[in-house]
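The sequence shown begins at 0 in numbering that gives the first Met the number 0 and counts up by one.
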Amino acid sequence: MEISLVSDEVSQDFETAIELGCEWGIRNFELRSAFFKRVPDISGEEVQRIVQTIKKYRVNITAISPGLFKIPFKREE
């Protein structure tokens, strides 16, 4: 088992989070939000920045959390 770090718990600036995580010896990251946006709301340009950062630091994204079920589910009857 390997340790993963939720990037936005370090910084909302994705590259800063990855850089610091790498300094701490972490190579696996979970992506929940970046640039103060949840994953579904990240722009195409921001996705490209994320991809470039992943390649630059040679890290892995082990999970993506889009924030489903953060509010109570109301079943329509």
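Here a beta-carbon is modelled for each residue, glycine too, at the ideal position from N, C-alpha and C.
I'd like the span of the beta strand (DSSP E) that includes GLU29, first residue to last.
Position 30 of the sequence shown holds residue 29. DSSP places GLU29 in the uninterrupted beta strand (DSSP E) bounded by 27 to 30.
Can you find the residues in the same chain that come closer than 6 Å, C-beta to C-beta, to LEU19, ignoring five residues on each side of it along the sequence? Start at 1 with the first residue of the sequence shown, and residue 19 comes out as number 20. If we look at LEU19 and ignore the five residues flanking it on each side, its Cβ neighbours are VAL9.
task: Quick one: give me the first and last residue of the beta strand (DSSP E) that VAL5 is part of.
output: For the purposes of this step, residue 5 is taken as the residue at position 6 of the sequence shown. It spans 3 to 5 - the beta strand (DSSP E) in which VAL5 sits, taken as one unbroken run.
Suppose contacts are defined by Cβ-Cβ distances below 8 Å. Is PHE77 in contact with THR61 by that definition? Absent from the structure is residue 77, since the part of the chain shown begins at 0 and ends at 76.
(request) Ignore the nearest five residues each way along the sequence and tell me which others in GLU45's own chain have a CB closer than 6 Å to its CB. (result) As a first step, residue 45 is located in the sequence shown; it is residue number 46 there, counting from the start. Answer for GLU45: PHE34, listed in chain order.
Return the residue from the list GLU75, SER64, VAL58 that minimises the CA-CA distance to ALA16. As a working note, residue 16 is residue 17 in the sequence shown. Comparing Cα positions, the closest option is VAL58.
- Message: Given 7 Å as the limit, tell me if PHE35 has its C-beta closer than that to any heavy atom belonging to the ligand GDP.
- Response: As presented, the structure is devoid of all ligands, the ligand GDP included, so that no description of it is given.
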